[in-house]
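FYI, the numbering for the sequence shown is 17 to 403, going by the working numbering.
Quick reminder that beta carbons are idealized off the backbone N, C-alpha and C, glycines included.
Here the structure is a predicted model, which is why all the values come from computation and not from measurement.
Okay, so here's the structure we're looking at.
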Amino acid sequence: MTDGTDRTSSPQPDPATGNGGYGYPAGQTPGGYGYPQAGQPNPYQQPQPEPQAWAAGLPTEAAGFPQQAAPQPDWQQQPAAFPLQATDEPDWQALADRNESRRGKKKALVIGAAVLAVVLAAGGGWFVWQGTTGDSPDTPDVVASGSPGPSGDPGDKPAGDNDSPTVDGEPNQLRDRNGRLHIALGSDAAVAKLDNRSEARFKGSANSYGQGAEPAVDVTKSFTVSARAFNVSERGSRMAISQGDGVSYSFELGFEESAGKKSWVFRVQTGDKGAASTAVQAVGDASKGVKEWALLTGTYDAEKKTIALYVDDKPAGTAAVPNGIWSGPGPVQLGRARHHGIWSGAWIGPLDHVRVWNQALAPDQVAALKNNKLDRKIKPSHSWLIG
17 MTDGTDRTSS
27 PQPDPATGNG
37 GYGYPAGQTP
47 GGYGYPQAGQ
57 PNPYQQPQPE
67 PQAWAAGLPT
77 EAAGFPQQAA
87 PQPDWQQQPA
97 AFPLQATDEP
107 DWQALADRNE
117 SRRGKKKALV
127 IGAAVLAVVL
137 AAGGGWFVWQ
147 GTTGDSPDTP
157 DVVASGSPGP
167 SGDPGDKPAG
177 DNDSPTVDGE
187 PNQLRDRNGR
197 LHIALGSDAA
207 VAKLDNRSEA
217 RFKGSANSYG
227 QGAEPAVDVT
237 KSFTVSARAF
247 NVSERGSRMA
257 ISQGDGVSYS
267 FELGFEESAG
277 KKSWVFRVQT
287 GDKGAASTAV
297 QAVGDASKGV
307 KEWALLTGTY
317 DAEKKTIALY
327 VDDKPAGTAA
337 VPNGIWSGPG
347 PVQLGRARHH
357 GIWSGAWIGP
367 LDHVRVWNQA
377 LAPDQVAALK
387 NNKLDRKIKP
397 SHSWLIG
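This is the structure:
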């Protein structure tokens, strides 16, 4: 294993200059999180070789994806061929404006429904009398933001498409089904819609990532992060989900290979400079963790000051964090992590069922995740690519 901060894989450069850092609009965090100012050279902008099978546009089997096997649970079906399309860098300010507009319209609908209900209640006798004609008053089709969707979890559902993995009208923005933290995909990442589920696919290049506008969890308190991951690469560090700031991660969850040993890893940082001496990790064997689906779950118990890693429905490793986790102010990331001021750990392959909870799930609760048997009352605070 590595020391937790030095990477064996090539570092990933920053997003294109002009953003204020971590995907925020220019002017809000100028030069923040270690990014160079607009117009200045970027010392991390190094060319990245892409995996040959992805770049050549070969079928997914050639990229390491196995054929579909049946019968299997839907999430264990292997990825089908899906050409990744390059898109422009997301317009973060425009996305934020559209999200705010949708929230305003939804609030107006809810208020209108409440007013209508009062009017109907007050004039109920009149409507009963009028009902003798056989006609009934029209009622608006109002859906509250907390109404249950296909999975039974409340969320911000786009109108007319409750199963959509993306925000309505934004095909490269993953919809948060349990909150309002949508995740924009970089130009080399894309959503694949399969028969009964959807997944986000990552090429391992500099622009292959997903990024929210804010943190998904408060790492000073108990939390759980989980993702179903299909790892194509057998080498280096590959991080499925992370959170931190411009210098270092606060936590990262994924795969790591060092000196021929393959491991699943849930790693946290306890110092604000990202030093190897302050990194703490829980690891599990990943000798069979390449080119197969795995449900990765990391928990942090703030009261017990411990972290735990679970692979599928089984505990894989634990570690003590006596000083707690250092809280970097940056947003949640998919498919990469921040190390020593540069992007690294680029994921290669698909991810789905990404969820976070504002509590440390118990072992039996984590075990219930694999077959979707977790008590519905234990709702994630955020979730993406569910179903």
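Environment of residue i [buried if 16+ CB atoms lie within 10 Å]
{"i": "Glu319", "result": "exposed"}
{"i": "Arg354", "result": "buried"}
{"i": "Lys389", "result": "exposed"}
{"i": "Asn194", "result": "buried"}
{"i": "Ala332", "result": "buried"}
{"i": "Pro338", "result": "exposed"}
{"i": "Gly361", "result": "buried"}
{"i": "Ser163", "result": "Because Ser163 carries a pLDDT of 26, less than 50, the predicted location of this residue cannot be relied on, and no value is offered for it."}
Unbroken beta strand (DSSP E) run spanning residue i, endpoints
{"i": "Pro379", "result": "Element bounds for Pro379: not the beta strand (DSSP E) but the alpha helix (DSSP H), Pro379 to Leu385."}
{"i": "Arg283", "result": "Lys277 to Gln285"}
{"i": "Gly270", "result": "Tyr265 to Ser274"}
{"i": "Arg251", "result": "Looking at the DSSP string, Arg251 is not in any beta strand (DSSP E), and its letter there is neither H nor E."}
{"i": "Val296", "result": "Ala295 to Asp301"}
{"i": "Lys2", "result": "Given that the chain is displayed from residue 17 to residue 403, the structure contains no residue 2 and the question cannot be resolved."}
{"i": "Glu215", "result": "Ser214 to Lys219"}
{"i": "Lys209", "result": "Ala205 to Lys209"}
{"i": "Trp309", "result": "Trp309 to Asp317"}
{"i": "Pro181", "result": "Taken as a continuous stretch (DSSP letters only), Pro181 belongs to no beta strand (DSSP E), as it is neither H nor E."}
Straight-line Cα distance separating residue j from residue i
{"i": "Gly403", "j": "Asp380", "result": "22 Å"}
{"i": "Ser180", "j": "Arg191", "result": "8 Å"}
{"i": "Ala405", "j": "Glu250", "result": "Nothing can be reported for residue 405: it is not among the residues displayed for the chain, which extend from 17 to 403."}
{"i": "Leu397", "j": "His198", "result": "Looking at the sequence itself, residue 397 is Ser, so the reference to Leu does not match. C-alpha separation (whole angstroms): 12 Å."}
{"i": "Gly290", "j": "Gln259", "result": "13 Å"}
{"i": "Ser266", "j": "Asp211", "result": "36 Å"}
{"i": "Trp363", "j": "Lys395", "result": "27 Å"}
{"i": "Asp288", "j": "Gly346", "result": "13 Å"}
{"i": "Ala222", "j": "Gly202", "result": "9 Å"}
{"i": "Gly228", "j": "Lys304", "result": "31 Å"}
{"i": "Phe218", "j": "Val370", "result": "14 Å"}
{"i": "Asn387", "j": "Ser293", "result": "38 Å"}
{"i": "Gln189", "j": "Gln375", "result": "26 Å"}
Under the three-state DSSP convention, the category residue i falls into
{"i": "Ser242", "result": "strand"}
{"i": "Ala376", "result": "coil"}
{"i": "Ser360", "result": "strand"}
{"i": "Ser397", "result": "coil"}
{"i": "Ala222", "result": "coil"}
{"i": "Ala232", "result": "coil"}
{"i": "Ala353", "result": "strand"}
{"i": "Ala291", "result": "coil"}
{"i": "Ser343", "result": "coil"}
{"i": "Leu201", "result": "strand"}
Cβ contact (3+ pairs, closer than 8 Å) linking the region 234-251 and the region 309-319 | At 8 Å Cβ cutoff, the stretches touch.
The region 221-237 contacting the region 322-335, beta-carbon criterion three pairs below 8 Å | Contact fails: fewer than three Cβ-Cβ distances are below 8 Å.
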